[in-house]
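Note that our numbering has the sequence shown beginning at 11, numbered continuously upward.
Cβ atoms here follow ideal geometry from the backbone N, Cα and C, with glycine treated the same way.
The structure presented is a predicted model; accordingly, all values stated were derived computationally and were not measured.
Step one of this worksheet: look at the structure below.
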Amino acid sequence: MQLSVRGTLARQSLLVSGLCVAADVGFVFVADCAPSTAAQTVTLAVLIGADLCLAGPARLSGFVAVAQGLIRMLGVLTFGPTASGNTAGLMIAGYRAGAWLRGTPAWLTMALTTVAIGLSRYVANGFNNWPIIPLMMAESGLLPWLVGRYTTTRRAYLAELEQRAEQERRDAKEAVSKAVVEERASIARDLHDVIAHHVSAINVHAGAARLIMAGDQQNAKIGGFRDDGWESEKSLGHGRAPGTLLDLLKGRPAPPGVGPARASTKNRRAVRPVCARRGCGPPLETNRPAP
């Protein structure tokens, strides 16, 4: 993926530099400024080379921008005041310098390029119609540099916002995960208490059953144990039964019918263990009516 993006950027840079060469050279010939001397030919070759350098590394963007400004002045000296110059390459170079450079190199590049543009206008026409000098400096030197700087700053700001939003999403996700872990730990403690309670109740009821089978059925304490057994059996079918708690700990939804919807079947749950015990052989007495 990274190689694909890098290749796309390289092709786009070559396309931009090629279009700059075509535009600048085309304006030279269309404006009847075709090179007729060695100096003009050298100037045109330097212009083409500077435009091709627009596809080079970003760290060289400052040198390319200053070179484009000097080529503007060189074109006026060799082709004359009517030379169309290198507008396309000059503006793209200024944009790249503003986008990629920071600190002193950026400001120095902008100043040198802008001064070179102003001097080229002065060499061509002197102070005739002098307000055009600062206008050209702002149009071809300062404005592209500012646009490049604005674009890069805005891109960095948007990247910071995206990073901040991503960090907030990660923090929220971690908070939810932490809350789930804490809730599961609380459920695990409750489950431990419930299981310990029912194990103790089973031991007590097992002892009471042994006494009943031994013939001590009239003991009032044993009758109390038996009544407590009914309450334990009812609580085993509750919505916070161990099975349901295990489902919550494992992140599974509660099975169908667990909860308030099962409240109407409490008598059926209570009688089910009794029916099972009757089928085991020992006699069992119950003091509750059948459903």
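ask   = If you compare alpha carbons, which of T47, W117 and A98 is closest to T88?
value = Checking every option, the nearest Cα to that of T88 belongs to T47.
inquiry  = Can you tell me whether D61 is buried or exposed? The criterion is at least 16 other CB atoms within 10 Å of its CB, across all chains shown.
reply    = Sixteen is the threshold: when 16 or more other Cβ atoms of the shown chains lie within 10 Å of the Cβ of D61, as they do, the residue is buried.
ask   = Between T123 and G79, what straight-line distance do the alpha-carbon atoms span, to the nearest angstrom?
value = Between T123 and G79, the alpha-carbon positions lie close to 5 angstroms from each other.
Range of the contiguous alpha helix (DSSP H) that encloses L57 = Residues A48 to L62.
inquiry  = What would DSSP say about N139, mapped onto helix, strand or coil?
reply    = In the three-state scheme derived from DSSP, where H, G and I count as helix and E and B as strand, N139 is classed as coil.
Burial state of P154 (16 or more Cβ within 10 Å) = By the 10 Å Cβ count, P154 comes out buried.
task = State buried or exposed for I222, treating a residue as buried only when at least 16 other CB atoms are found within 10 Å of its CB.
result = That one is buried.
query = N96: buried (16+ other C-beta within 10 angstroms of its C-beta) or exposed?
reply = Buried: at least 16 other Cβ atoms inside 10 Å.
query = Is it right to say G85 is buried, meaning 16 or more other beta carbons lie within 10 angstroms of its own, or is it exposed?
reply = Flag for G85 reads buried.
task = Please classify P115: does DSSP put it in a helix, a strand, or coil?
result = DSSP, read as helix, strand or coil, puts P115 in helix.
ask   = Does DSSP classify A44 as helix, strand or coil?
value = It is coil, neither helix nor strand.
6 angstroms CB neighbourhood of T51 in its chain, flanking five on each side removed = Same-chain partners within the cutoff: P45.
request  = Evaluate the contact criterion for the stretch 149-169 versus the stretch 102-121: three or more CB pairs, one atom per stretch, below 8 angstroms.
outcome  = A contact exists between the stretch 149-169 and the stretch 102-121.
query = Roughly how many angstroms lie between the CA atoms of M147 and V125, to the nearest whole one?
reply = A straight-line Cα-Cα distance of about 7 angstroms links M147 and V125.
ask   = How long is the line joining the alpha carbons of I102 and L64, rounded to whole angstroms?
value = Taking C-alpha positions only, I102 is separated from L64 by approximately 8 angstroms.
Outcome for L25 when other beta-carbon atoms lying within 10 angstroms are tallied against a minimum of 16 = Exposed, because fewer than 16 other Cβ atoms sit within 10 Å of the Cβ of L25.
ask   = The alpha helix (DSSP H) with L71 in it runs from where to where?
value = The amino acid occupying residue 71 in the given sequence is Ser; Leu does not appear at that position. For S71, the enclosing alpha helix (DSSP H) begins and ends at S71 to F89.
ask   = Is A93 helix, strand or coil by DSSP?
value = Coil, per DSSP.
message = Let me check understanding here. Comparing Cα to Cα, which of N138, Y132, D34 and I143 lies closest to A98?
response = For the residues N138, Y132, D34 and I143, the minimum Cα distance to A98 belongs to D34.
request  = Note down the Cα distance separating V204 from S196, rounded to an integer number of angstroms.
outcome  = Spanning the two alpha carbons is a distance of roughly 12 angstroms.
key: Whether P91 touches N138 by CB criterion (8 angstroms)   = No, Cβ-Cβ distance for P91 and N138 is not below 8 angstroms.
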